[in-house]
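For reference, the structure discussed in these notes is given below.
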Amino acid sequence: MEQISNSDREILREIAQRKRELASNARNDEILRQWYALGNGKKESPTVRLLFSNFSKDVITARQRCEGAEARKIEAALLWSMVGRELFDDDTPLFPTFDVSWNTKAQVFGIAPLRIRDPKSGGYHIEPVIEDLEEEFEKLQGGSFGVDRESTLAYRELLEDVFGDILPTRMVMRSLSGSITNPLVHLMGMENYYLAMYDCPEVLHRVMDMATTFYEQYYDFLERENLLLPTDLTAVIGQESFAFNHELPSDSVTKTTQCWGFLESQETTAVAPETFGEFVFPYQDRLVKRFGLLSYGCCERVDAIFPDYLSKWKNLRKLSVSPFNNEDQVGEYLRGSNIVYYSKPRADLVTHPGPLDEDAIRKDFRRICEAASGCLFEIGQREVMTLRGDISRGRRYVELAKECVERYWKP
């Protein structure tokens, strides 16, 4: 592993000290109180965050000062944990640690996708490597998983040497994943995938069963190799949220049923609920049985599939509610339940050219807050591609969101 130069070491120690100070101030105490309340099922102060994974070059890369490759990797991770607090003053919770995860991999299918990316827009085109599912089924077999313990431990040792006296390392685990339709569509393309439901449904069921079995075997591997870690506090769960809860172990875990899982199927958002129930739900249901708690959804509609399907999962604790949903209807479903209404507001109101339209932003957040009233409530503004070089518009957007939560959301 590459050594860290003295100059890079000083930069990393400086940033580590900044994180420690942010994690130790009164503002962070208040944020943690909000998250603990949400995790304990209390309707008190909803959390608001502006998520930046789609414009990280502006808020991470542009601010980096380290020169060495390994140092820049660590620097990026440190900055990443603090962007919400340093730049947007949102409700990102912090602990005075540097979190490390086991270097594991899990590739559900035995063939790699082919995507042609547009460097300007950040978008991509899927070039199908599976044209005929029935004829090319064999190509999908051969998924693999594993762990590189040596690299994980070496990385942790390096971190402890550089700034362990300021930010001690902590082993954590992200929520367990079990995505099937997403990697499948990246291999087939959306049109071929949808046609397969009609042309060769029995083969598609074989694919779904094979992928589900893969994940079940992967979970067995994690248990057998003692790779599971508690998913609590600031452990990251699906859709860039956190695992604050009072139901899962916080010391040690040995079974995946003691951990948080994440599932989604945004690729099937256009099919009828009954079609989702035939081709997706039975396989997701097998995986849900392996989780302790569950977060569900990305950008897809969940309003149509909640009553007959998602509501069956008693361990569901966080539901993604994108603007494509009937948000009032989802609010009715979740009101009074122990499931967090995880709102993903429309992104265009913060990304459009020119000054922020504050009246339009207030109007949209009022609608969301009223829809989520009576629910456990969390706001995570995702899918933002740019702030147009003006970080202050992100901070102001967060202020407006909090203003509306205070005014319009009712517990």
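If you want the working numbering, it's the position in the sequence shown, counting the first as 1, plus 1355.
Each residue gets a CB set at the ideal place from its N, CA and C atoms; glycine is no exception.
Note down, in chain order, each residue of its chain lying with its Cβ closer than 6 Å to the Cβ of residue i, except the 5 sequence neighbours on either side.
i	result
Tyr1752	Val1705
Phe1443	Leu1405, Gly1749, Arg1750, Val1753
Phe1453	Leu1514, Leu1522, Thr1524
Met1543	Pro1483, Ile1485
So for residue i, helix, strand or coil by DSSP?
i	result
Trp1615	strand
His1560	helix
Ile1326	Any property of residue 1326 remains undetermined from this structure, which presents the chain solely from 1356 to 1766.
Asp1528	The sequence as given places Met at residue 1528; Asp does not occur at that position. Residue state, collapsed to three classes: coil.
Thr1568	helix
Arg1721	helix
Gln1358	coil
Phe1492	helix
Gly1501	strand
Ile1366	helix
Ile1466	coil
Val1591	strand
Gly1596	Per the sequence shown, residue 1596 should be read as Ser rather than Gly. DSSP places Ser1596 in strand when its eight states are reduced to three.
Asp1575	helix
Express the C-alpha separation of residue j and residue i in angstroms, rounding to a whole number.
i	j	result
Cys1555	Phe1597	39 Å
Val1695	Glu1557	36 Å
Asp1564	Ile1359	46 Å
Gly1729	Arg1721	14 Å
Phe1732	Arg1645	26 Å
Pro1766	Glu1754	20 Å
Glu1490	Thr1568	21 Å
Lys1397	Ser1499	41 Å
Val1403	Ile1386	10 Å
Ile1429	Thr1416	12 Å
Pro1401	Glu1515	35 Å
Glu1505	Glu1687	49 Å
Ser1532	Cys1653	13 Å
Lys1669	Gly1519	40 Å
Arg1511	Thr1524	7 Å
Trp1390	Glu1486	46 Å
Asp1587	Arg1656	27 Å
Thr1507	Val1517	16 Å
Asp1446	Thr1623	32 Å
Arg1690	Val1463	36 Å
Thr1611	Ala1715	44 Å
Asp1640	Lys1475	39 Å
Ser1362	Ala1424	13 Å
Gln1621	Gln1594	13 Å
Tyr1573	Cys1759	43 Å
Pro1448	Tyr1651	21 Å
Gly1439	Asp1575	36 Å
Val1527	Val1455	6 Å
Asn1537	Val1414	28 Å
Arg1382	Lys1757	15 Å
Gln1372	Met1356	24 Å
Where do the N-terminal and C-terminal ends of the beta strand (DSSP E) with residue i fall, by residue?
i	result
His1480	1479–1481
Leu1648	1648–1651
Lys1757	Careful: Lys1757 lies outside any beta strand (DSSP E), inside the alpha helix (DSSP H) at 1746–1763.
Gly1632	Gly1632 -> not in any beta strand (DSSP E); alpha helix (DSSP H) instead, spanning 1628–1634.
Ala1767	The structure shown does not extend to residue 1767, since the chain is modelled only from 1356 to 1766, so the question has no answer here.
Ile1521	Premise fails: Ile1521 is in no beta strand (DSSP E) and is neither H nor E.
Asp1454	1453–1455
Leu1731	1731–1736
Ile1471	1470–1472
Considering only residues of the same chain and omitting the five flanking positions on each side of residue i, which have a CB-CB separation below 7 Å?
i	result
Phe1410	Val1739, Met1740, Thr1741, Leu1742
Leu1582	Trp1457, Thr1459, Val1502
Glu1713	Leu1755
Leu1393	Thr1402, Phe1599, Val1695, Leu1731, Glu1733
Ser1747	none
Glu1725	Tyr1763
Glu1578	Thr1609, Lys1610, Thr1611
Return the first residue and the last residue of the alpha helix (DSSP H) that residue i is part of.
i	result
Glu1486	From DSSP, Glu1486 is part of no alpha helix (DSSP H); its letter is neither H nor E.
Phe1518	1504–1518
Asp1554	1545–1554
Spatial neighbours of residue i within its chain, please: CB distance less than 8 Å, with the 5 preceding and 5 following residues excluded, ordered by chain position.
i	result
Arg1541	Reading the sequence as shown, one finds His at residue 1541 and not Arg. Only Pro1468, Arg1470, Ile1481 meet the Cβ criterion.
Pro1628	Ala1659, Ile1660, Asp1663, Tyr1664
Asp1719	Pro1700, Arg1701, Leu1704
Leu1642	Gly1533, Thr1567, Tyr1570, Glu1571, Gly1616, Leu1618
Ser1698	Val1676, Glu1682, Ile1723, Ala1727, Phe1732, Glu1733, Ile1734, Gly1735
Gln1419	Arg1427, Glu1430, Ala1431, Leu1434
Arg1375	Pro1451, Ile1521, Leu1522
Leu1649	Trp1615, Gly1616, Phe1617, Leu1618, Val1643, Trp1668, Asn1670, Leu1671, Arg1672, Lys1673
### Task
For the stretch 1646–1703, list the alpha helix (DSSP H) runs that are entirely contained and at least 4 residues long, ordered along the chain.
1682–1689
### Query
What residue ranges within the stretch 1376–1429 form continuous beta strand (DSSP E) runs of no fewer than 3 residues, ordered along the chain?
1402–1405
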